[in-house]
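A short worksheet on the structure shown next.
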Amino acid sequence: MTGTRLGSGGRIDRGQVIPFRWGDTVLQGFAGDTLASALLANGVRVVGRSFKYHRPRGIFAAGVEEPNAIVDVRIGDRHDANARASLVTLQHGIVARPIAGWPSVTRDAFAALDLLQRFLPAGFYYKTFMRPSWSRYEANIRRMAGLGRASHQPDMRQFETRNIQIDVLVVGAGPAGLAAARAAAASGRSVMLVDENPDFGGSLLWQDGTIDDRPAADWAAATTAELAAQGVTLLPATTAFGYYDHNTLGLMERRATAAPGWALDRLWCVTAGKVVLATGSLERPLVFPHNDRPGVMSAAAVLRYLRQYAVLVGRSVVITTNNDSAYATAAALRLAGAEVAVADVRTAPGQAAKDATALGVSVIPGSVVTDTGGRLGVRWADIGPADATSKKAATRRVSCSIVACSGGWTPVVHLFSQSGGKLRWDAAASAFLPGIGRQDHQLSGGMNGVTSLAECLASGHRAGIAASGATMLAAPRAEPAAVETPLQPFWFVRIPGARQWLDLQNDVTVKDVGLAARENFQSVEHLKRYTTLGMATDQGKTSNVNGIAVMAELTGRGIAETGTTTFRPPYAPVSLGGLAGSRHGLLYSPRRELPAHGEHLALGADMREYGGWMRPACYPRLDETTAAAIRREASAVRADAGLFDGSSLGKIEVCGPDAAAFLNLMYYNNVENLKPGRLRYVLLLREAGTVYDDGVIARLAADRYLLSPSSSHTAGVLAMLEQWRQTEYPAMHVAFHDVTAAWATFVVCGPRVRDIMASLAAEIDLSDAALPHMALADGHVLGVPARIARVSFTGERSYEVSVPAGYGPALWRHLLAQGPTPYGIESLSVLRAEKGYILIGTDTDGLTMPADLDMSGPLRAKKVDFVGRRSLTTPDGVRADRRQFVGLLPQDPNFVPPVGTHAVDASRKSLGWITTSAYSPTVGRSIALAMISGGRARIGDVVELFDRGRVSQAKVCAPVFHDPAGEKLHG
Amino acid sequence: MVELVLTSLADQIGWTDSDVFECPAPTGLFLVSAPNDIAPNSMVEVDDGYLCWLAPGRCLAVTATPPAGFVSDVTQGSALFVVRVHAAELLAMGSALPASALGEGRCAQTLFAGVKTLLYRRAGLLHIHVDRPLAPYLRDWLRQAATSF
Amino acid sequence: MLLIPCPWCGPRSEHEFGFGGEPAVRPQSSASDTEWADYLYMRTNPKGRNTELWCHSAGCGQWFVMERDTVTHAIHTTREMGA
């Protein structure tokens, strides 16, 4: 009744037995099997339950289009929760199990859902399960539906990516692809040949044929060997999943072996001079009532299982078809000893039917299967008139275990469409064929509507020549095809009320399409999304065309008019790990380390990522919480001295006769009147007048400046300067060098800083007269070149000492030995908040302008135009209610409101929000900085704070909480 | 007087003999902005080293002494990795650079392992310049990629 | 993925480039609010052939002009600015 293995034949190696687990049982297969062929050979019928109705499902197809056999597969440490059994190569150690069905796939408690099928049509969840709220039902519905269970273990495998440029990429190694690669290789160009199967040959491996007087399969093997010898890059078991712009394609290779710890998935990013598409075609089902039972299979797949894997799927088979290709299956089954009946929709089936009858196949013209029965697998099929319109039509019941169906062939045009090509419906071929293409490719074989072997070889050969220019080689020859009786389009059986499946994986039936049509979801894009037809992991490979045709008929349109949805990559599911490549774990994102990184680790620093840099957040001592560390460090800076690693701060050298004039055109502040040896705090605006970055500019000489943008904006500032110089001011003589990485910079600050600076034996005059606040000087410290700047971000007297980066660790150790307290970014943030110094991107956002920050002074002093100037006087720039930078003192001095807490007016309308919030050890209470509408006029007022339901009060004040006159800078 | 000791790139990243790359320390690396007639993306030999084109009017001088012009000393700021083995495979794994870009006398700035680098072949070996703060990351990337062979 | 021919470096992967939008002529600071807003935000954005500024950020860092079809993504020309 069920599947068996034949004693001989097939392309399997009976000498290599491979045991494997299926659920709780141990079965056996052979080398060359897929998991699907091995299951069928062992008589396994039910491999899963359908997505919505939990109906038993069996293996339908033999390739990437398989919609039912989604199973959980483990091999060693590899786990695929949703593997397609027809694509899993059988290997030692495979543990496979069904993903649906409880307690088992053959006895599923949720099968009761099928009894409720009238209440579960397409889109039922838009009509039911709505009250009181969807979230009540969601968890249970997800448990009942859904696919395999993902592992919660981290994936420790490495995933490899390869980039390659190739002259000719041939996609598909069936007859057309092999012929194309053969022709292209003869030209001497670099060629790559890709096929999703582990062996090249495509349908040549399971269909009869003779090429150049040899069996087709032998020709395929010989040609493959020749291509290898000619240096063609061969990638079997590789799916070309995406065709992008400019002839770039994505391929996912499933390698047979890889280095330990490396995944078998390998991503290839291919840039091809020319592409040859030879992707073939897939058989689509014939649609009939109860066509979803285990045992209903694609007729071509039945033939492939027989020829390639020596699996006879059943001994009594009914074939229902509308075209000639199913007769090859009928004949092969008969020769293997099966009883075969063919229900052919066509009333005059022609020569193929006559040949089959001569073999003992019973052919019934003008008929179709009108029903099937059997709870856990097909046991009988009713054959009735193809034009039956009622359940009462005369039928005869045939006992069978398999119903093989064939509704025609759908060219695999996915990659062509992804590349921008347009499709056209060809009524004669009953297929969507490639129309106008957009990229540099050649089309050949089944994907271009070619059906006979001889024509496939010829078209592949021509495509290979067109892609490479070779001309000497002769095309491979095959017998011309026998004359075929044309296919008769037959989209579904016209018996009302019958359940006929279109999308097996998502449980979408003809009735669902009817529902969509009645509810006016008639466009093919609506059809897809309303019914979920074609949205499962098989991406509608066996259902899209049938579904489109049904919708076309029900709405009285032609198929051409109904059209298709957009084809998007990937063609078949690809692993996220494969796409991520090396970008996970340690290598998730490029990180920058400070020159003294090792020193910080040695001090036990809590290192965190800030703007791409690993920096110390703080240096907690044993058992110290982060909050306690921050308070200790901040207090130490104010009371004694602190040491901070500022090496990530940007350093851009600007030089040229036009340096001053150019920088003056870029920055908000006047930099032309900055004297050599002096520093100035500056803002850089966007053209929209909003603050992009702040920083410090140092003038080194008449024609030389040193810019110090914030750490996270250095690259952006450099890019902006280059953009303006190149696109707006190309005549100006100025150049920029990013030297951020060349220097290590440490900040020493606090009341005791002078003692620490004295230890540097600096050959630089550090007196206040020579080096006042906001000045810098060059020289040497401890024998190496150095630059010392007096600039402060903490409000304390502060020196930045810079040495070439290689001396960083040594300088850090020397400075640390003088006894200052190392402090990190979090502590710095509290110290600068106490002084009201802004952090770009924290206190400012994409709308903040200088006047909002009360920094209008420089504008009044600046006469020339600069980037963003004009925007400052637009209506939006001068609005009275703009948010302004102010301080807040929460009424409860121990309450630290979260950043983002809104300040609200009496009607709970937001006036703005808190941008910085901290406990200040210096003033002994909580402080906050905020952007509040009309904030400066509200100084002295009390505002209400609102944070996710919690209400409190705070007083608006000036944004400075310690040393407002700045005396400590000079202290 | 105590003088500060220099930490080499090799020490900073913990280079070992089993690594697939070397970390030589050039005597001098300088960013130079000055008019020049170096062809785009090519290298020019000079007395005490060689120059790599970076942009119109800019080059990286791998020389003992700085050339003339607007010069910034980046000897401490640019890390140089020289790949010992599997260079072609590592290049294919790390960048989409066309193979023709690294022919004789050619250099190229491109993304490698996700970061901006300057690449060229010299004495048959692939040279990779990267900002020194990114050196630990590139070391991790190269070490991990090398386990694939 | 676009393969973009940088005028200095030749064809390189799209990842190496930054997009600069349609070039716009910067008005004088005496421009009206409307003229200034047009310069900041209004572009023609045609369906089809368009002129754009691109920067080879991860390569030579140079800005250049590209003629590209916004529908087919075909790149017709790239040239140095001012050329």
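Residue numbers (my numbering), protein chains in the order written: chain B, 281 to 1251; chain Z, 47 to 195; chain C, 45 to 127. C-beta atoms are modelled at their ideal positions from N, C-alpha and C, and glycine is treated no differently. Keep in mind that this is a model prediction, so the values were computed, not measured.
Cβ-heavy atom distance, residue i to the ligand GTP, below 7 Å
{"i": "Glu904 of chain B", "result": "This structure lacks the ligand GTP, and indeed carries no ligand of any kind."}
Residues near residue i in its chain [Cβ-Cβ closer than 6 Å; skip 5 each side]
{"i": "Ser1213 of chain B", "result": "Asp1161, Arg1163, Leu1191 and Gly1192"}
{"i": "Val448 of chain B", "result": "Ala464, Arg469, Val471, Lys554, Ala747 and Ser748"}
{"i": "Tyr523 of chain B", "result": "Leu529, Leu695, Gln698 and Ser699"}
{"i": "Leu1139 of chain B", "result": "none"}
{"i": "Ser803 of chain B", "result": "none"}
Closest Cα partner of residue i within the set the options
{"i": "Asn82 of chain Z", "options": "Z:Phe116, Z:Thr193 and Z:Glu150", "result": "Z:Phe116"}
{"i": "Val1179 of chain B", "options": "B:Ala463, B:Thr1196, B:Val951 and B:Pro665", "result": "B:Thr1196"}
{"i": "Pro222 of chain B", "options": "B:Ala982, B:Gly1251, B:Val1158 and B:Thr1025", "result": "What the structure shows of chain B is the stretch from 281 to 1251, and residue 222 of chain B is not part of that stretch, so it cannot be assessed."}
{"i": "Phe333 of chain B", "options": "B:Ala392, B:Val597 and B:Val368", "result": "As written in the sequence, residue 333 of chain B is Tyr, which differs from the Phe given in the question. The option with the nearest alpha carbon to Tyr333 of chain B is B:Ala392."}
{"i": "Val576 of chain B", "options": "B:Ser1107, B:Leu980, B:Arg960 and B:Gly283", "result": "B:Gly283"}
{"i": "Tyr1079 of chain B", "options": "B:Ala1055, B:Gly1088 and B:Leu1096", "result": "B:Ala1055"}
{"i": "Cys549 of chain B", "options": "B:Glu440, B:Pro645, B:Thr650 and B:Val567", "result": "B:Glu440"}
{"i": "Leu1249 of chain B", "options": "B:His570, B:Glu619, B:Phe1073 and B:His864", "result": "B:Phe1073"}
{"i": "Leu592 of chain B", "options": "B:Asn602, B:Ala616 and B:Pro1177", "result": "B:Ala616"}
{"i": "Ser366 of chain B", "options": "B:Asp313, B:Val385, B:His432 and B:Asp394", "result": "B:Asp313"}
{"i": "Ala68 of chain C", "options": "C:Pro51, C:Trp52 and C:Val109", "result": "C:Val109"}
{"i": "Pro760 of chain B", "options": "B:Thr731, B:Ser483, B:Pro849 and B:Gly715", "result": "B:Thr731"}
{"i": "Asp77 of chain C", "options": "B:Arg888, B:Leu400, B:Leu1209 and B:Gly1148", "result": "B:Gly1148"}
{"i": "Gly356 of chain B", "options": "B:Ser803, B:Thr537, B:Asn949 and B:Phe409", "result": "B:Thr537"}
{"i": "Arg168 of chain Z", "options": "Z:Leu148, Z:Leu106 and Z:Thr62", "result": "Z:Leu148"}
{"i": "Thr822 of chain B", "options": "B:Asp304, B:Ala341 and B:Ser1151", "result": "B:Ala341"}
{"i": "Gly452 of chain B", "options": "B:Ala610, B:Leu737 and B:Thr844", "result": "B:Leu737"}
{"i": "Ala497 of chain B", "options": "B:Leu484, B:Gln1098, B:Leu867 and B:Pro1130", "result": "B:Leu484"}
{"i": "Thr970 of chain B", "options": "B:Asp475, B:Arg573, B:Val1158 and B:Leu307", "result": "B:Val1158"}
{"i": "Ala1042 of chain B", "options": "B:Ile1194, B:Gly1220 and B:Ile1068", "result": "B:Ile1068"}
Residues that residue i contacts on chain Z, provided the C-beta gap is smaller than 7 Å
{"i": "Glu60 of chain C", "result": "Thr156 and Leu157"}
{"i": "Arg587 of chain B", "result": "What Arg587 of chain B touches in chain Z: nothing, since even the nearest Cβ is about 38 Å away."}
{"i": "Pro1089 of chain B", "result": "Thr53"}
Beta-carbon proximity list for residue i, same chain, < 7 Å, skipping 5 on both sides
{"i": "Trp486 of chain B", "result": "Leu583, Arg584, Arg587 and Gln588"}
{"i": "Glu833 of chain B", "result": "Trp771"}
{"i": "Asp492 of chain B", "result": "Trp499, Pro756 and Arg757"}
{"i": "Trp382 of chain B", "result": "Asp388, Ala389 and Phe390"}
{"i": "Val649 of chain B", "result": "Phe568, Val598, Thr600, Ala623, Ala661, Asp662, Ile663 and Val683"}
Partners in chain B for residue i, counting only beta-carbon separations shorter than 9 Å
{"i": "Ala75 of chain C", "result": "Arg1150"}
{"i": "Gly160 of chain Z", "result": "Ser862, Arg863, Leu867, Ser869 and Pro870"}
Cross-chain neighbours of residue i in chain C, by beta carbon under 9 Å
{"i": "Thr551 of chain B", "result": "Met45, Leu47, Pro55 and Ser57"}
Contacts that residue i makes with chain Z (C-beta to C-beta distance below 9 Å)
{"i": "Pro1084 of chain B", "result": "Leu52, Asp119, Thr121, Gln122 and Gly123"}
Closer than 8 Å at the beta carbon, the chain B residues around residue i
{"i": "Ser141 of chain Z", "result": "Asn443"}
Proximal residues to residue i (C-beta, below 8 Å), its chain only, five neighbours per side dropped
{"i": "Val1231 of chain B", "result": "Glu1224 and Leu1225"}
Per-residue contacts from residue i into chain C (C-beta, under 7 Å)
{"i": "Ala181 of chain Z", "result": "Those do not exist, as Ala181 of chain Z stays about 18 Å from chain C at its closest Cβ, beyond 7 Å."}
Residue i: contacting residues in chain B (beta-carbon distance under 7 Å)
{"i": "Trp187 of chain Z", "result": "Ser862 and Leu867"}
Q. On the three-pair Cβ rule with 8 Å, is the stretch 999-1019 of chain B touching the stretch 931-946 of chain B?
A. yes
Q) Residue ranges of each beta strand (DSSP E) run of no fewer than 3 residues wholly in the stretch 723-787 of chain B, ordered along the chain? A) 781-783
Q) What are the uninterrupted segments assigned as alpha helix (DSSP H) that are 4 or more residues long and contained completely in the stretch 386-452 of chain B, given in chain order? A) Listed in chain order, they are 414-424.
(Q) With three or more C-beta pairs closer than 8 Å as the rule, is the stretch 922-929 of chain B touching the stretch 1025-1042 of chain B? (A) Taking 8 Å as the limit for Cβ pairs, the verdict is that the stretch 922-929 of chain B does touch the stretch 1025-1042 of chain B.
Q.
Taking contact to mean 3 or more Cβ pairs, one atom from each stretch, closer than 8 Å, check whether the stretch 598-615 of chain B and the stretch 564-574 of chain B are in contact.
A. Segments in contact, yes.
**Q.** the stretch 998-1012 of chain B in contact with the stretch 1056-1064 of chain B per 3-pair CB rule at 8 Å
**A.** no
Q: Scan the stretch 131-186 of chain Z and note each continuous beta strand (DSSP E) run of 3 residues or more that stays entirely inside, going in chain order.
A: Counting only runs that start and end inside the stretch 131-186 of chain Z, the beta strand (DSSP E) elements of at least 3 residues fall at 153-158, 161-168 and 171-177.
**Q.** Contact the stretch 53-62 of chain Z vs the stretch 95-102 of chain Z: 3+ CB pairs below 8 Å
**A.** no
Q: Could I get the ranges of all uninterrupted beta strand (DSSP E) runs contained in the stretch 84-111 of chain C, with 3 residues as the minimum, in chain order?
A: Scanning the stretch 84-111 of chain C for uninterrupted beta strand (DSSP E) segments of 3 residues or longer gives 93-99, listed from N- to C-terminal end.
**Q.** Complete runs of the beta strand (DSSP E) confined to the stretch 547-591 of chain B [at least 3 residues]
**A.** Runs found: 561-564 and 576-578.
**Q.** Completely contained beta strand (DSSP E) runs for the stretch 893-976 of chain B, where each covers 3 or more residues
**A.** 893-898, 922-925, 932-935 and 959-965
(Q) Can you confirm whether the stretch 1198-1211 of chain B touches the stretch 1103-1112 of chain B when touching is taken to mean that 3 or more C-beta pairs between the two stretches lie within less than 8 Å? (A) Yes, since at least three Cβ pairs between the stretch 1103-1112 of chain B and the stretch 1198-1211 of chain B fall closer than 8 Å, the two stretches touch.
(Q) Quick check for students: name the residue ranges of the beta strand (DSSP E) that lie wholly in the stretch 501-535 of chain B, counting only runs of 3 or more. (A) Runs found: 513-515, 518-523 and 528-534.
(Q) For a minimum of 4 consecutive residues, which ranges assigned as the alpha helix (DSSP H) are wholly contained in the stretch 999-1055 of chain B? (A) 1033-1038
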